[in-house]
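Under full-length UniProt numbering, think of the first position of the sequence shown as 1, with each following residue one higher.
In this text, a Cβ means the ideal position worked out from N, Cα and C, and glycines have one as well.
See structure below.
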Amino acid sequence: MSIKRSIVIGEKDTANIKKEERRLEGKVAVTAKGKAKPVMQAVGDLAKTLPPRTYNPDGKTLVIVESPAKSKTIEKFLGPDYVVKASMGHLRDLPKSQLGIDIENGFVPRYSNLTTRKKLIEELQHEADESKAILLATDPDREGEAISWHLAYILNVDEASKCRITFNEITKHAVAEAINSPRTIDKNMVDAQQARRMLDRIVGYKLSPLLWRKVCKGLSAGRVQSVAVRLICEREREIQAFVPEEYWSIEGHYVTADKESFTAELTHKGDEKIAIADEAAAMAIRDELAGQTADVTKVERRKRSRKAPAPFTTSTLQQEGVRKLNFGAKRTMMIAQHLYEGLEIGGYGHVGLITYMRTDSTRIAVEMQEAAKQYILSHFGKEYYPAKPNVFGTKKSSQDAHEAIRPTSLELPPKMVEPFLSRDELKLYTLIWNRFMASQMAPQQSETVTAQLQAGEYKLRASGSKVVFKGFTEVYEEAKKEGDEPKLIPIMSEGDTAINTDIMPQQHFTQPPARYSEASLIKTLEERGIGRPSTYAPIIDTIMTRNYVEKQDKQFIPTELGFVVVDFLIVHFEKFINVDFTVHLEKDLDDIAGGEETYQDVLSEFYTVFAKELDEANEVDKVKIADEESDVICDVCGSPMVYKFGRFGRFLACSNFPDCKNTKPITVSTGVTCPKCHEGTIVERKSKRGRIFYGCDRYPACDFTLWNKPINETCETCGSIMTEKTYKNGTTKKFCSNENCPTQPKKRTRKKKADDSDKTATDSKSAE
């Protein structure tokens with residue numbers, strides 16, 4: 001018989017919580033390094049003082065996961081003796097109305113139940129009362145561990161009991177194995193998550209208000225987002241300071257005795273490497289080489305082996321999602337979440353198609369390596385499998401608890417699941433499938449031929465290569481740059497003579513460093529150890545939303561506001577926005593998870609420096625963001641308008657403020673007349689999340705909008721205005737703006753299931 005009770009402890013129980021914290025004072029544990037480790041004094045420990053949970057021996061086992069989509073997949077595996085419910089992410093958190101951290105007494109977090117989850121908490125408590133056992137199956141990472149810890153508190157589950165199960169993939173075998181191998185909640189992982197959460201809360205609640213007062217309303221700062229903006233600003237300043245230098249190169253076109261043509265590049269004059277500074281020098285050399293034969297002095301043939309790439313980690317998946325699919329990091333992770341949690345696949349039922357997508361490991365389970373071997377042997381042949389299974393190195397900072405991102409079953413290739421996936425899901429699944437398969441295949445083999453030529457006192461080089469065995473590139477090829485295609489050169493031998501047909505001088509200028517794209521920013525953040533790959537997507541989303549950076553041609557450009565905020569932080573919070581400090585802090589979090597540090601020590605060390613800088617910054621004057629002149633005239637008073645910054649980005653304001661308070665949004669006209677009101681002009685606008693769209697300049701009188709750019713053409717079929725869309729490869733296609741026009745390409749979408757709405761479950765992974 002079950003016992004009904006409620007253990008939801010909110011802010012009104014503060015007195016009891018403080019009493020319990022006083023009871024806990026003085027108790028210590030010991031870390032792996034032998035340091036004194038204060039017992040965690042978060043309110044979760046209060047659960048220990050409550051009466052032990054009484055289970056119903058006639059009930060079912062309650063399994064709690066994070067999302068309804070995952071619960072449906074798992075419930076199918078477990079059968080009638082189990083009930084699977086979803087927590088929808090976090091149920092408890094630091095209160096929004098206050099800092100929620102007792103800094104003076106050892107950084108004690110003050111959690112409270114989320115008011116938006118009240119009904120769900122009651123439902124879970126009811127299910128817990130009726131159950132014979134409770135298993136917490138949230139995601140297998142620090143965030144998931146913390147959610148399980150909070151659930152244990154809410155449901156009065158003994159933390160010391162074996163109530164925690166994890167799995168890297170949602171398959172019948174993996175779930176069954178987890179059910180049979182429960183463990184206790186890992187308090188070190190929980191501590192690491194709590195430390196990260198409190199660090200972000202302290203920064204957000206202490207530093208953001210300062211930015212409001214000293215710079216501009218509506219601003220925010222974060223440990224990692226601020227460093228990301230700094231990287232983008234520093235790169236932009238490098239570009240602004242860059243002075244291009246002219247240089248020239250020379251290519252000679254030659255023909256062999258067999259009438260085969262090839263191109264050779266000028267490399268040396270005598271024994272010195274050639275450096276051509278200007279046109280005059282280039283033309284002088286051209287005149288010397290023109291019509292002069294060249295003798296082949298050396299021919300080298302080499303075999304090259306190109307190893308397969310590692311299977312995807314979170315970071316590399318996001319990077320390739322941008323490069324190959326034109327998906328942003330946020331979109332990539334959202335689709336990957338769907339593939340992980342499970343989709344309805346015909347006769348297979350609800351199936352999780354990939355392993356856990358938040359990982360920085362390249363490790364592959366031995367049984368999956370064997371399955372890949374058999375698949376490669378049967379579908380490609382034995383020459384496509386390496387002599388020994390491919391093994392990939394793991395970074396020192398890697399958390400190797402999970403495998404790399406891979407398909408859960410090789411019985412479900414992309415072609416088989418195609419009818420059941422949306423277009424985007426299929427694209428990402430195919431990318432993951434091909435990358436994994438390639439990672440287990442033999443290297444690509446190629447032959448490279450290099451010929452050295454002598455023409456008078458000048459030396460030239462001709463080279464070419466040929467792929468002799470495709471290897472892993474049969475299924476996966478890295479994105480190629482222009483000019484990457486191998487060029488073959490004719491067969492030549494030492495002593496041969498080549499006849500010159502043309503000499504081509506080419507002018508060049510040194511180029512500044514490239515701006516960061518989403519892919520290159522993610523790569524830099526990971527390589528330098530800044531933050532965790534699982535947080536990169538929300539970080540990029542945040543810095544775009546806050547108008548610190550903009551995207552132009554898929555590259556990040558800092559706004560004036562971004563420069564101002566970064567400069568302010570560098571002057572007053574140099575250590576906080578320092579890359580090395582951020583990396584060091586990330587290592588501290590890893591040490592907490594490994595039991596080598598306490599979260600109290602890490603937070604104390606951080607706050608000692610941060611609080612001092614905060615006090616000093618509070619005394620400085622407000623930063624003045626200089627107005628930028630414009631050629632727009634105020635239509636109210638006739639004064640010139642200036643560009644200003646607000647919480648939603650740049651806007652136009654009358655320079656006669658405060659006498660005239662007229663403002664205007666900044667618009668870029670397309671020159672296309674609005675087809676709805678026939679009075680206004682369609683202009684470029686930007687949403688609050690930084691996405692460009694197009695709308696009538698008479699808004700709100702006219703609410704016409706488009707996502708694609710309109711052009712001054714009409715559809716031959718329906719007469720609506722035409723739009724154009726530019727793709728990643730640079731091609732532009734035209735589409736009718738009328739969604740119901742017969743010319744519209746048909747969108748293939750996965751058949752909507754009754755439970756598809758489940759996939760909108762809250763993603764509990766927090767941004768930094």
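Do residue j and residue i have their beta-carbon atoms positioned less than 8 Å apart in this structure?
i	j	result
Y476	R435	yes
K661	F651	no
V224	T535	yes
Y356	N156	no
E474	G328	no
L99	R213	no
A176	R142	no
K85	S71	yes
L569	N547	no
K162	Y55	no
L421	L343	yes
G245	T667	Checking the displayed sequence, the identity of residue 245 turns out to be Glu instead of Gly. Contact flag unset, no.
G352	E367	no
D129	P52	no
G218	G204	no
A617	F581	no
H150	L91	yes
V243	S493	no
Between the alpha carbons of residue i and residue j, how many angstroms are there, rounded?
i	j	result
I134	R230	46 Å
I232	K415	40 Å
R358	L339	13 Å
A178	E403	16 Å
S112	D93	6 Å
D496	V296	5 Å
K709	V672	10 Å
A611	K119	39 Å
I121	I64	12 Å
R110	V215	30 Å
E679	K734	24 Å
K487	K575	50 Å
K644	P533	34 Å
I354	L410	10 Å
A284	E251	14 Å
F392	R528	19 Å
residue 778	K676	One cannot answer for residue 778 here, as it falls past the ends of the chain, which runs 1 to 768.
E363	I405	Sequence check: residue 363 is Arg here, not Glu. Going from the Cα of R363 to the Cα of I405 covers about 9 Å.
A275	K459	13 Å
V39	V108	Residue placement at V39 cannot be trusted, given a pLDDT of 37 that sits under 50; the coordinates are not used to answer.
E25	A372	Low confidence applies to E25: its pLDDT is 36, below 50, so where it sits in the model is not reliable, and the reading given next is rough at best. Distance between the alpha carbons of E25 and A372: 54 Å.
I9	T723	Below a pLDDT of 50, predicted positions are generally treated as unreliable, and I9, at 36, falls in that range; no measurement from the model is reported.
C718	T670	22 Å
Would you mind reading off the limits of the beta strand (DSSP E) that contains residue i?
i	result
D631	628-633
Q240	It is not in any beta strand (DSSP E) - Q240 instead sits in the alpha helix (DSSP H) that spans 223-241.
E684	681-686
T448	444-455
L62	61-65
E494	Note, E494: premise wrong, no beta strand (DSSP E); not H, not E.
K373	That residue, K373, is in no beta strand (DSSP E); its alpha helix (DSSP H) goes 366-379.
V417	Counting along the chain, V417 falls outside any beta strand (DSSP E), though it belongs to the alpha helix (DSSP H) covering 414-417.
Y694	692-696
Give me the Cβ distance between residue i and residue j, rounded to the nearest whole Å; I'm assuming they're in contact under 8 Å.
i	j	result
E526	S315	4 Å
A455	A462	The pair is not a contact, with the Cβ atoms about 12 Å apart (cut-off 8 Å).
C715	N738	7 Å
V642	S630	6 Å
R304	S446	5 Å
E260	P490	4 Å
D81	K60	6 Å
Could you spell out the range, first to last residue, of the alpha helix (DSSP H) harbouring residue i?
i	result
G144	142-154
P533	533-545
I202	187-214
F77	68-78
Y429	423-439
Under 8 Å between C-beta atoms, does residue i make it to chain B?
i	result
S534	Among the protein chains of the structure shown there is no chain B, as only one such chain exists.
Beta strand (DSSP E) segments (min. 3 residues) lying fully within the segment 289-364: 294-306
Runs of beta strand (DSSP E) wholly within the segment 86-147 (minimum 3 residues, chain order): 133-136
Segments of 4+ residues assigned as alpha helix (DSSP H) that fall wholly inside the segment 573-644: 579-593, 599-617
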